[in-house]
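In our numbering, the protein residues as written are 661 to 950.
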């Protein structure tokens, strides 16, 4: 009995050692598989990190290009406004010079009023042309900005679609990267698209404010020109009235001079007749005395 029990114990020990060896080998195999899976996941994470860094670099490059383009557009708008202002100043100076020349040349003529009115009309036409040109330039600039924003939208949607595809096809262990990538997309969408919209609205409000100021300045200049035209018309009317008064005075003076000459002749004749009568009386008295 004792020998049988010892043999059975030895056999059980051998079986337990075999089971442990099998279990350890299976665990080792599982560990190896898990390590391979972990290495594969790490490799995928590293690949995604490199792709993400590449996309960030592309976005940064596009951002710099967009900022340069925005700066160029601002400089171009400033240059166009300056050129337009110079042209309007030249046109206004030429119109004012023509107006002054016409007023000096036809000072005593009623055509001054019509020439001033025509010059004012030409000035209004030039102002309307300048305003329409500026509005057209603003529309072209808005169209270019809208086109740039549309490009950024398409790029954003393409990247979002690609990242969604990567997220759905990767392992479940990449759930952390999903939130990170979504935050990245939200940030860049708000940065590029939101900033573009805010910038566009700010630019439009700034342009509208500048246009309002220009219209106000032009209205003030038109009011000044109208006041100058009114004063010129009053001056012309005053001069014409003075000329009429002088003409009437000259006519009255000429009419007054003619009777005065006749009265002088009559008084001279009367004086001679009185003298002749007095001489006759003296002669008669002398004759009677003798």
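All C-beta atoms in this analysis are idealised placements derived from N, C-alpha and C, irrespective of residue type, glycine included.
Computed from a prediction, not measured in an experiment: that's the story for all the values here.
The beta carbon of residue 799 sits closer than 8 Å to no other beta carbon from its chain once the five residues preceding and following it are set aside. Rounded to the nearest angstrom, the Cβ distance from residue 744 to residue 804 is 18 Å, too far for a contact under 8 Å.
CA-to-CA, the gap between residue 700 and residue 807 works out to about 42 Å. Contact check for residue 875 against residue 801 fails: the beta carbons are separated by 8 Å or more.
Pairing residue 682 with residue 688, the inter-Cα distance amounts to about 10 Å. Counting only residues of its own chain and dropping the five nearest sequence neighbours on each side, residue 721 has no CB closer than 7 Å to any other CB.
Each residue's CA atom was taken as its position, placing residue 684 and residue 705 some 30 Å apart. Residue environment for residue 885: buried (at least 16 other C-beta atoms within 10 angstroms of its C-beta). Taking C-beta separations shorter than 8 Å and ignoring five residues to either side along the sequence, residue 697 has no partners in its chain. Within the model, the alpha-carbon separation for residue 899 versus residue 870 is close to 43 Å. Cα atoms of residue 821 and residue 711: separation of roughly 15 Å, rounded to the nearest angstrom. Residue 896 counts as buried, since no fewer than 16 other beta carbons sit within 10 angstroms of its beta carbon.
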